[in-house]
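What follows is a single structure, written as structure tokens, with notes after it.
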Amino acid sequence: MFFRSGNHSVNTRRFIAYLVIALCATSNLVFAAGSQQAPRPYFNPDKDILISQFDVKPDADDVHSVAALGSLLADPDFNNISHLAVTGTIGSQQGKYIDASGLFSLAFGPAGKGWTDANTHWQGSVELVQKTAKDILDSGGRVWVQEAGQSDFTAQWLAGLIAQGVNKSSLKSNVIVVQHSAWNEQQTSDEALAFVKQSTHYIAIGDGNKPKRLYIRKNRRGPATPIYVENGDKWLKAAIDKRNTNQHARTLWQLADAIIADSNFTADYSVIPNGGVDFSDTVAVWWILNLGQDAVSVNAFWQRYVTDVPLDHVNPPEGRLAIVIDGNSPDPDDIGATPVIFGLLHHSGLEQRLVHVSHSCDLDPFTNKARYQIDKDNEQRRQRILNELTDKSIALFGPFEHLHDHYNCREKQAAASQDLVNAINDSTAESPLWIIEAGEPDLIGFALAAANPQALKFVHIVSHHPANDNSGDFFTWQQILDFGITEHQIGDQNVGLQTSIHQWDWAKHHDNPGYKFIWEMLAYAEQDGIVPFQTNKFDCSDAGMVYWWITGADQGGNNFATANDIQKMLHLKENN
8 MFFRSGNHSV NTRRFIAYLV IALCATSNLV FAAGSQQAPR PYFNPDKDIL ISQFDVKPDA
68 DDVHSVAALG SLLADPDFNN ISHLAVTGTI GSQQGKYIDA SGLFSLAFGP AGKGWTDANT
128 HWQGSVELVQ KTAKDILDSG GRVWVQEAGQ SDFTAQWLAG LIAQGVNKSS LKSNVIVVQH
188 SAWNEQQTSD EALAFVKQST HYIAIGDGNK PKRLYIRKNR RGPATPIYVE NGDKWLKAAI
248 DKRNTNQHAR TLWQLADAII ADSNFTADYS VIPNGGVDFS DTVAVWWILN LGQDAVSVNA
308 FWQRYVTDVP LDHVNPPEGR LAIVIDGNSP DPDDIGATPV IFGLLHHSGL EQRLVHVSHS
368 CDLDPFTNKA RYQIDKDNEQ RRQRILNELT DKSIALFGPF EHLHDHYNCR EKQAAASQDL
428 VNAINDSTAE SPLWIIEAGE PDLIGFALAA ANPQALKFVH IVSHHPANDN SGDFFTWQQI
488 LDFGITEHQI GDQNVGLQTS IHQWDWAKHH DNPGYKFIWE MLAYAEQDGI VPFQTNKFDC
548 SDAGMVYWWI TGADQGGNNF ATANDIQKML HLKENN
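Quick note on the numbering used here: the sequence shown kicks off at 8 and runs consecutively.
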């Protein structure tokens with residue numbers, strides 16, 4: 008009954024539609040995309056299989072995703088799991104199909120065994136996946152589908168399983184389809200998508216494509232995922248560099264690059280034609296295999312699975328730097344982060360780029376929107392310690408010759424705002440201003456409102472957390488964006504920089520007074536006592552934004568800095 012000519016046969020579509028109707032009539036299962044009432048299932052490498060289905064049309068991100076998955080599956084942690092790949096699982100989309108057969112063979116083994124080509128052998132591929140899935144289900148395992156294309160193909164092998172007598176409830180419990188892309192869903196026929204959602208444990212996750220506020224809980228597709236897209240050519244260069252001792256990954260990425268070049272892929276929506284990487288389809292595997300922090304960004308994935316060539320270098324963008332921090336309410340993390348920031352700028356040789364520092368920028372700290380509040384005495388104590396530690400940080404890591412002063416926004420709000428206005432007004436295409444938003448946005452908003460409107464297009468604002476963006480007392484984040492600045496959301500830096508205390512033991516008794524002072528301030532913040540979530544942790548998360556800027560900003564900067572990365576940067580001058 009199943010055959011393929013063009014995209015899908017009329018008979019196939021009708022058959023799937025009939026199955027959907029039958030299922031709806033005979034089942035009480037929830038008919039909703041992404042319904043996840045049951046606890047999250049976990050991949051069992053001893054019993055389960057991962058089936059990776061790629062459309063490879065028209066976007067070249069599938070080619071990068073195949074290279075990324077091949078790199079991951081070669082790792083000792085995963086090289087023994089059952090896996091089958093499929094290319095050409097297309098739906099109704101138009102455009103050019105990219106033939107990456109050689110890459111599939113290199114990544115997954117021989118055609119017909121490690122992978123199958125649905126672009127040229129649709130029915131045979133359906134039958135191979137159907138048989139493979141049935142064998143796993145019959146042996147008590149689960150079938151996990153990385154849906155890196157449309158679901159029309161999945162609908163056909165599912166229908167085949169039902170026709171073979173596989174119990175519908177077994178499919179619903181033991182076939183987990185993970186789809187990261189709303190676009191893929193839109194290019195799937197309505198009846199096929201409905202059938203797959205009805206028949207399986209269908210999970211929609213974040214798309215892994217572009218920076219966004221992953222922390223917004225309303226109107227989210229599903230579980231948040233890493234962003235597996237980056238501008239800049241440093242990633243490919245590090246992957247194919249002859250110094251990369253991961254020879255298999257190096258060969259995979261060399262071939263992927265060559266295939267894309269031969270395909271003449273030039274889409275302006277993609278970072279790939281300009282040398283960037285996009286393996287966003289791989290976020291489904293990140294979720295399925297529960298990779299977690301080890302692969303939570305492009306940088307982390309590269310270091311773990313692709314290359315041992317050093318990735319982080321001092322490579323800041325053009326322009327100057329302004330730091331606006333809170334620290335006075337309610338989270339004390341800025342107390343630890345501020346000396347780290349000064350230390351990073353000193354040891355990377357970028358002291359002259361710093362033109363503004365202000366702290367205590369929670370202008371109305373006693374009506375905080377957060378769960379935890381600070382009292383008046385402790386808020387004044389925080390102001391005092393922030394002022395003292397900034398003085399000492401400048402003395403230890405300076406001179407910062409273009410920093411006219413530093414400002415307590417609670418005591419000198421007008422002066423702090425004017426200093427930032429001056430920095431904004433000095434901005435040009437050749438010398439933009441990068442503002443690190445390490446606290447509430449209000450001071451930034453007042454400065455933007457008072458600045459020369461012509462200069463605002465040369466202002467960049469870097470954020471890592473909506474607890475800052477959405478906590479303004481006088482400006483919403485949308486009002487900040489409406490000034491016409493360039494926004495950079497780099498992801499929650501707490502993931503890598505809110506750490507156990509022992510990771511900073513190297514600094515505790517160091518001969519260098521700057522390192523010792525950093526440890527003391529991290530310890531002070533840990534013992535602060537206003538919020539419970541910093542207990543037994545050292546947190547310099549806001550310094551992650553400066554580390555990202557130092558290492559390339561939006562052209563390859565590391566948005567997943569760890570305490571180890573910070574330590575290496577702090578020792579940069581000593582090691583050179």
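Heads up, the beta-carbon is just placed ideally off N, CA and C, and yes, glycines get one too.
- DSSP assignment within the stretch 456-544 yields the following whole alpha helix (DSSP H) runs of 4 residues or more, N-terminal first: 473-476, 484-489, 501-504, 512-515 and 520-533.
- Counting only the Cα atoms, His409 lies some 16 Å from Ile348.
- Positions of the alpha helix (DSSP H) runs, each at least 4 residues long and wholly inside the stretch 142-218, are given as 159-170, 175-181, 189-193 and 197-206 in order along the chain.
- Taking 9 Å as the cut-off, the Cβ atoms of Pro372 and Glu386 count as close.
- Here the alpha carbons of Thr314 and Pro83 stand approximately 15 Å from one another.
- When DSSP states are grouped into helix, strand and coil, Gln60 belongs to the strand group.
- Membership of Leu328 in the beta strand (DSSP E) is indicated by the continuous run Arg327 to Ile332.
- Note: Ala74 is not bridge-paired with any residue in the DSSP secondary-structure output.
- In this structure Glu437 is exposed. Its beta-carbon is surrounded by fewer than 16 other beta-carbon atoms within 10 angstroms.
- Taking the C-beta atoms as reference points, Thr345 is found nearer than 9 Å to Leu393.
- Between Ser478 and the set Ala462, Asn415, Glu447 and Leu361, the nearest pair of CA atoms involves Glu447.
- By the neighbour-count criterion, in which 16 or more other beta carbons inside 10 Å mark a residue as buried, Ser158 falls on the buried side.
- For Leu262, the uninterrupted alpha helix (DSSP H) segment begins and ends at Gln254 to Ser270.
- When the five nearest sequence neighbours on each side are left out, the beta carbons in the same chain lying within less than 6 Å of the beta carbon of His255 are those of Ala81, in order along the chain.
- Non-local C-beta neighbours of Pro337 in its own chain, meaning closer than 7 Å and more than five positions away in sequence, comprise Asn375, Ala377, Tyr379, Gln380, Ile381, Ile537 and Val538, ordered along the chain.
- Ser99 carries a coil assignment under DSSP once its states are collapsed to helix, strand and coil.
- In summary, Tyr522 is buried, with 16 or more beta-carbon neighbours lying within 10 Å of its beta-carbon over all protein chains present.
- Taking a 10 Å sphere around the C-beta of Phe540, we find fewer than 16 other C-beta atoms and assign the residue as exposed.
- The alpha-carbon separation between Gly167 and Asn281 amounts to approximately 43 Å.
- For the set Ser180, Ala92 and Gln130, the Cα lying nearest the Cα of Arg47 is the one of Ser180.
- Between Asn565 and Leu318, the beta carbon gap of about 7 Å places them in contact (Cβ cut-off 8 Å).
- When DSSP states are grouped into helix, strand and coil, Ser112 belongs to the helix group.
- In the DSSP assignment, the residues bridged to Asp124 are Thr94.
- His320 and Leu427 have their alpha carbons spaced roughly 28 Å apart.
- Per the Cβ contact rule, the stretch 293-313 is not in contact with the stretch 411-424 (fewer than 3 Cβ pairs under 8 Å).
- DSSP, reduced to helix, strand and coil, places Ser132 within a helical segment of the structure shown.
- By the beta-carbon neighbour count (other beta carbons within 10 angstroms, threshold 16), Arg389 is buried.
- By alpha-carbon distance to Ala568, the top candidate from Lys580, Cys547 and Asp124 is Cys547.
- The beta-carbon distance between Phe407 and Ser434, rounded to whole angstroms, is 19 Å. This is too long to meet the 8 Å contact definition.
- Here the C-alpha atom of Thr542 lies approximately 21 Å from the C-alpha atom of Asn475.
- With respect to Lys241, Gly563 sits close: the two C-beta atoms are nearer than 9 Å.
- In the structure shown, Leu361 adopts extended strand secondary structure according to DSSP, grouped into three states.
- Counting only runs of 4+ residues, the alpha helix (DSSP H) found wholly inside the stretch 372-407 occupies 383-404, in chain order.
- Contact check between the stretch 204-219 and the stretch 109-116: fewer than three CB pairs, one atom from each, fall below 8 Å, which does not count as touching.
- A direct Cα-to-Cα measurement between Ile143 and Asn174 gives close to 14 Å.
- Under the 10 Å beta carbon count, Gly119 is surrounded by fewer than 16 other beta carbons and is classified as exposed.
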